[in-house]
Amino acid sequence: DGGITQSPKYLFRKEGQNVTLSCEQNLNHDAMYWYRQDPGQGLRLIYYSQIVNDFQKGDIAEGYSVSREKKESFPLTVTSAQKNPTAFYLCASSKGITDTQYFGPGTRLTVL
Amino acid sequence: AQSVAQPEDQVNVAEGNPLTVKCTYSVSGNPYLFWYVQYPNRGLQFLLKYITGDNLVKGSYGFEAEFNKSQTSFHLKKPSALVSDSALYFCAVRDIAGGYQKVTFGTGTKLQVIP
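Protein sequences appear in the order of chains A and B.
Everything in the first sequence is counted per the working numbering, starting at 790 for the first residue and increasing by one.
Everything in the second sequence is counted per the working numbering, starting at 1326 for the first residue and increasing by one.
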């Protein structure tokens, strides 16, 4: 997982609450990504950012928001508008457009 | 639109036997292809990638993959499976859409190596 940290590892949220997942990297990578993983499914892209102060919606952006104010950080907010937020969330980063993505250890979010 | 398919949800193989995990892809341009492995409750770990060059790509932990353009496949292989290889394997394809890079992951194949 080296160089990318996600916190917390486990997160519990009550319905109707917003929650922010942290992702930090010290690899000096320009691009960062957020994925959602559900049991029996692959990874689905939520948001990605190629450079600071720029980000793009992925395939399932509804109910999520991000910011990229610093190169090292790409926090993801799961809003109350996300109807089914319980999942495993993975953050990744890559140096450039053809480079390998490196993943953090993930955050498991459970809505109570 | 780009896509990637992993036709097998699970592959079972006896320890010491060769293993193959299948992946096919569809992209509009030249494909950049990747294999990742995921152990339970962990992030994905990079195994290998193909961008250009030799069709046989060697990666971590003794894995290799063969790029076949005519069959649009990128199957993961290992000559002799270990019990510790049991994990979830993801194939991914990278493409450029609208000037932004985008990676699409397959649904994953669970590899079970039987002692």
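The beta-carbon is built from N, C-alpha and C at its ideal position, and this holds for glycine as well.
Burial state of A/G893, where buried means 16 or more other Cβ atoms lie within 10 Å
buried
Nearest chain B C-beta to A/L879 closer than 8 Å, yes or no?
yes
Endpoints, the beta strand (DSSP E) within which A/R802 is located:
799 to 802
May I ask you to list the residues that DSSP assigns as paired with A/Y788?
Nothing about residue 788 of chain A can be reported from this structure: the residues present for chain A run from 790 to 901 only.
CB A/G852 to CB A/T868, shorter than 8 Å?
yes
Can you tell me whether B/V1352 is helix, strand or coil according to DSSP?
coil
When the Cα atoms are used, what is the spatial distance from B/E1333 to A/K846?
29 Å
Does any residue of chain A have a CB that is nearer than 8 Å to the CB of B/L1407?
no
Among B/P1365, B/Y1364, B/Y1386, B/N1366, the one whose alpha carbon lies nearest that of B/L1373:
B/Y1386
Taking B/K1383 as the query, report the chain A residues whose CB atoms sit under 8 Å from its CB, ordered along the chain.
Correct list: empty, because the minimum Cβ distance to chain A is about 15 Å.
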